[in-house]
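Okay, so the sequence shown: first residue is 1 according to the UniProt record's numbering, each after it adds one.
Written out below as structure tokens is the structure these notes cover.
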Amino acid sequence: MSGDIEDRAAEAARVPEGADPNRPNAARVYNYLLGGKDNYEVDQLLAHQMLAVAPDTRTTAWFSRRFLLHAVEMAARAGVRQFVDIGAGIPISPNVHEVAQGIEPDARVVAVDYDPVVHVHANALLVSSPGVTSMLGDIRQPDLIIERLRSEQLIDFDRPVAILIVGVLHYVMDDEDPAGIIARLRDELVPGSYLAFTHGSDDTHKDFIERSSDSTAGSSSQPRYRTEKEVTRLLDGFETLGPGVVPVQDWLDEDLPGTNLVLLGGIGRKS
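Laid out in structure tokens, this is it:
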């Protein structure tokens, strides 16, 4: 019985209820690494712990951001006009809607994040952007996300959709079934839809894995690094595009350097 209570308590600790300046937050750490100002000292401390082990972590964050925008451009040029950015984080320009609407002005974007504080930031920063909606939602509850997208008529699932899940899946624990989450989203998509994601690889420098795991244990920023084989399975049911599931910088330019934090990126299209 006590084990069940402890398990429930640990799970509750992973679900944010508001801003906590004493616990690191993945979105705020990422914001800091990209040069943003929407973060706390605890986020900066974790970022610098990461940088102490892997000084190129800021470079990795930039590669990840460029991969996201590359995926948006690829889908938009293929005719996709609807984008669901799950784990969108705190808006940083250029953003998803800026790239998508630069190709097709009437493109629609829904920015989904499970952190209420991130949601508030997104609402404030995106309120004046036509065709963009900020939505509070947890990737671990795909049915609720789909239900809201449908009921609020934010997305027409009878037309192609691009699902973007960048910098999120390595925070989904094994018992939360990341492959099942992706499969649920995939089953809702019509042919011509896209999925783009990144995921932390177990090829990451071992000291980085140990430090990042110990520093974030029990928080929403606790990562689960997975093998390339495990990550590749997330594209089951999709046609794998480009170079496949590879470090994100390999999607951008063959001459970009490797990094201590290895982020794998994959883009798939539903046939």
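Yeah, the Cβ is synthetic: ideal placement off N, Cα and C, and Gly gets one too.
Computed from a predicted model, the values in this text were never measured in an experiment.
### Task
Would you mind working out which of Asn123, Thr59 and Arg23 sits nearest Gln44, comparing C-alpha positions?
Of the candidates Asn123, Thr59 and Arg23, the one whose C-alpha sits nearest the C-alpha of Gln44 is Arg23.
### Query
For the candidate residues Val231, Thr204, Val99 and Asp253, whose alpha-carbon lies nearest to that of Val53?
That would be Thr204, whose Cα lies nearest to the Cα of Val53.
### Task
Over the uninterrupted alpha helix (DSSP H) stretch that includes Gly180, give me the two end residues.
Per DSSP, Gly180 belongs to the alpha helix (DSSP H) from Pro178 to Glu188.
### Query
Once you ignore the five residues that flank Val29 on each side, which residues in its own chain have a CB closer than 6 Å to its CB?
Answer for Val29: Asp43, Leu46 and Ala47, listed in chain order.
### Query
Who are Glu239's beta bridge partners in DSSP?
Under DSSP, Glu239 shares a beta bridge with Arg269.
### Segment limits, beta strand (DSSP E) that includes Gln82
Per DSSP, Gln82 belongs to the beta strand (DSSP E) from Gln82 to Ile86.
### Message
Rounding to the nearest angstrom, what Cα-Cα distance links Pro247 and Gly131 in this structure?
### Response
Distance between the alpha carbons of Pro247 and Gly131: 32 Å.
### Query
For Val110, which of helix, strand or coil comes out of DSSP?
Strand at Val110.
### Query
When DSSP labels each residue in this structure, what does Ser134 get in the three-state scheme?
The answer is strand: DSSP assigns Ser134 an E or B state.
### Query
Under a three-way DSSP split, which group does Ile165 fall into?
Ile165: strand per DSSP, three-state reduction.
### Query
In three-state terms, what does DSSP make of Val96?
Helix, per DSSP.
### Query
Quick one, which of Tyr225, Phe238 and Arg211 has its alpha-carbon nearest Leu185's?
Taking the Cα of Leu185 as reference, the smallest distance to any Cα among Tyr225, Phe238 and Arg211 is reached at Phe238.
### Message
With three or more beta-carbon pairs closer than 8 Å as the criterion, would you say the region 63-81 touches the region 251-270?
### Response
Counting Cβ pairs under 8 Å, three or more are found: they touch.
### Task
Measure the beta-carbon distance from Thr198 to Gly167 and round it to whole angstroms, keeping in mind my assumption that it falls under 8 Å.
So it is a contact: roughly 6 Å between Cβ atoms.
### Beta-carbon proximity list for Gln82, same chain, < 6 Å, skipping 5 on both sides
Non-local beta-carbon contacts of Gln82 in its own chain, meaning distances under 6 Å to residues more than five positions away in sequence, involve Arg108, Ile155 and Val161 in chain order.
### Residue burial classification, Thr227 (beta-carbon count within 10 angstroms, cutoff 16)
Counting the other Cβ atoms within 10 Å of the Cβ of Thr227 gives fewer than 16, which makes it exposed.
### Pairwise C-alpha distance: Asp85 and Val96
Going from the Cα of Val96 to the Cα of Asp85 covers about 8 Å.
### Query
Which of helix, strand or coil does DSSP assign to Glu6?
Because Glu6 carries a pLDDT of 44, less than 50, the predicted location of this residue cannot be relied on, and the following value inherits that uncertainty. Three-state result, Glu6: helix.
#### Entry: Local conformation of Ser221 per DSSP, three classes
DSSP, read as helix, strand or coil, puts Ser221 in coil.
### Query
When you compare each of Leu149, Arg224 and Arg233 to Gly137 by their alpha carbons, which one comes out closest?
Gly137 has its Cα closest to that of Leu149, out of Leu149, Arg224 and Arg233.
### Message
Our contact map puts Asn25 next to Ser221 with C-beta atoms below 8 Å; I'd like the distance itself, whole angstroms only.
### Response
For a cut-off of 8 Å, the C-beta gap from Asn25 to Ser221 is around 6 Å, short enough to register as a contact.
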